[in-house]
Structures are given as C-alpha cells and as structure tokens.
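Quick note: the sequence shown, position 27, residue 234 per the numbering used here, numbers continuous.
These notes are about the structure you will find just below.
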Amino acid sequence: MKFMVCPQCGISNFYVMNEKGERVNIKVNRNIEIIPMGTDKSLEGFNLDKIFCLGCSWRGTVNQLKKYLV
C-alpha cells in the first residue's frame, strides 16, 4: 500500500491528538484515509482535522499531503 508523505521531511508517519493530549500514530493512504498504526487502536475522540509529523515540526491537514505521493 502506498502512503502520503510529509511535505517538509518526506516520511509517512504522523500522529493525531485528542483533547487530553493523547496521541495515536497514523498513516494516510492515497485515498486520503487516516489509518491507525495499530490494529487495536481507535480514532474515536481524536481530532482528525489536524495531523502532526513524527519526523519534524510540520503540522497540517491530510489535504495538504495530496501532491506528495510515495
């Protein structure tokens, strides 16, 4: 499966946060679907409107990743 990458550093690993500051690691596929890294993880209660890169300081939306396909 091909994943979107960070426009700043080029890695495909991101995370989302909830109101408590908890994180879930994610990837974004070519269909702009957010996929949790662990099969036992749920994205319920997490803000999916803003994603954060695990490799650098970039943050943004999944739509900003569209042109950065691997």
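Backbone N, C-alpha and C fix where the C-beta goes; we use that ideal spot for every residue, glycine too.
Straight-line CA distance for residue i to residue j?
i              : j              : result
glutamate 226  : cysteine 213   : 23 Å
glycine 265    : asparagine 238 : First, the amino acid is wrong: residue 265 is tryptophan here, not glycine. Taking the straight line from one Cα to the other gives about 21 Å.
valine 277     : glutamate 240  : Its pLDDT being 47, under 50, valine 277 is placed unreliably in this model, and the value from its coordinates should be taken loosely. When rounded, the distance between both Cα atoms is 15 Å.
asparagine 220 : cysteine 260   : 6 Å
leucine 272    : methionine 224 : 18 Å
asparagine 270 : methionine 211 : 10 Å
glycine 252    : glycine 267    : 18 Å
isoleucine 258 : lysine 209     : 18 Å
glycine 245    : glutamate 229  : 15 Å
cysteine 216   : aspartate 247  : 28 Å
Less than 7 Å between the C-beta atoms of residue i and residue j, yes or no?
i           : j              : result
valine 231  : proline 243    : yes
glycine 262 : isoleucine 218 : yes
Please name the residue or residues paired with residue i in a DSSP beta bridge.
i              : result
isoleucine 242 : Lys234
cysteine 201   : Nothing about residue 201 can be read from this structure; the chain reaches only from 208 to 277.
glycine 267    : Ile258
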